[in-house]
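Undergrad: Using the numbering used here, you'd call the opening residue of the sequence shown number 42 and step up by one each time.
From the three backbone atoms N, C-alpha and C, an ideal C-beta is built for every residue, glycine too.
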Amino acid sequence: MPTSKEGMKLDVTILGSSDAFCSGGHPHAAYLVETDRSTFLVDCGPTVLLALKQQKIDTASIDFVVISHMHGDHFAGLPFLLLEYIYERPRTRPFFVLGPRGITARVWALMCALYPDVLPETLAFALDFIELEPEQPTTIADVEVHPVRVPHQDEDVSLAVRFTAGGKRLFYSGDSPWDDRFIELARGVDLFLCDCTAYEEPMGRHIQWTTLKPLVPLLECRRLVLIHLGREMRAHAAELGVECATEGLKIST
Ligand SMILES: [Zn+2]
Ligand SMILES: [Zn+2]
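1) Leaving out the 5 sequence neighbours to the left and right, which residues in its chain are closer than 6 Å to E261 when beta-carbon positions are compared?
2) Distance check for E75 and D52, CA to CA, integer angstroms please.
3) Between which residues of its own chain and T238 is the CB-CB distance below 6 Å, once the five residues before and five after are set aside?
4) Which residue wins for smallest C-alpha separation from S102, given the options T133, P120 and H112?
5) Can you tell me the Cα-Cα spacing of P161 and F136, whole angstroms?
6) So, for A279: in the same chain, excluding its five sequence neighbours on each side, which residues have a beta-carbon less than 7 Å away from its beta-carbon?
7) Exposed or buried, which one is A201 when buried takes at least 16 other CB atoms within 10 Å?
8) Looking at ligand 1, does it come within less than 8 Å of D231, judged from the CB to the closest heavy atom?
9) Suppose the cutoff is 8 Å on Cβ atoms and the five residues either side in sequence are ignored; what does the same chain contact list for L90 look like?
10) For ligand 2, is there any heavy atom lying closer than 8 Å to the beta carbon of D216?
11) Between the segment 151 to 160 and the segment 212 to 220, do three or more beta carbon pairs fall short of 8 Å?
12) Please report the straight-line C-alpha distance between M49 and T205, rounded to a whole angstrom.
13) Terminal residues of the continuous beta strand (DSSP E) containing T179?
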């Protein structure tokens, strides 16, 4: 056992708990994770700057971003974050974007559509992409990133990700329908952030509460928090007996 607090921190702040529709007036997917040596975002929806500033989080504190998949509600905040690092919080230290294969081209295509005058050579900092392959763990700073492909998309790759830092573990489902591997992947983790977009009506390739409810007793995680909440889930959130994410919630594992 460690004798000091060093190597023990993995705190998660919910920045955006909604689905693609900002249901209930909540921001898009984004989570701030703080470990002893790293501060990073998990997903970066288009409302990310709004959420960071509402939570009074210094955007300059972010070391890197991990993107689960390239749907707009999960990565379309990146051009705004990069713009922040050009104009509002000028950055010189490198910034890293980790995400599924193809993310480098997709982010630059998005940047080109939104701010065509921003080019790699005009940035005052190194913007480095790390394309993740399913089942091939990567380590960045003190964080091990273990991506797993989930059946949310067919051609593009959607990832769930298990993070390990200082002996603490976080499992993030990303967007996904229920996958029986989640039982194993969530076993023993300190926090499982689990898609639960729909209540009882199926909504695309996502988890719905009526599917998840009987499986909750099988999840051997220390804490379960439901995320990516759609309109009906939000309306029922208080009565489920399972914690639902809301902005500003800070979870210390
Ligand atoms: Zn989504
Ligand atoms: Zn999605």
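TA: In this structure, then:
1) R228.
2) A straight-line Cα-Cα distance of about 5 Å links D52 and E75.
3) Excluding five sequence positions before and after T238, the CB atoms of its chain that fall closer than 6 Å to its own CB belong to D60, M244, H247, H269 and G271, given in chain order.
4) The residue with the shortest Cα to Cα distance from S102 is T133.
5) Roughly 12 Å between the two C-alpha positions.
6) There are no such residues.
7) A buried status is given to A201, since no fewer than 16 other beta-carbon atoms sit within 10 Å of its beta-carbon.
8) Judged by the Cβ position, D231 fails to qualify as a neighbour of ligand 1 at the 8 Å threshold, every heavy atom of the ligand being at least this far.
9) T100, G118, F121, L122 and E125.
10) Yes.
11) These segments do not touch.
12) Pairing M49 with T205, the inter-Cα distance amounts to about 11 Å.
13) Note, T179: beta strand (DSSP E), T179 to I181.
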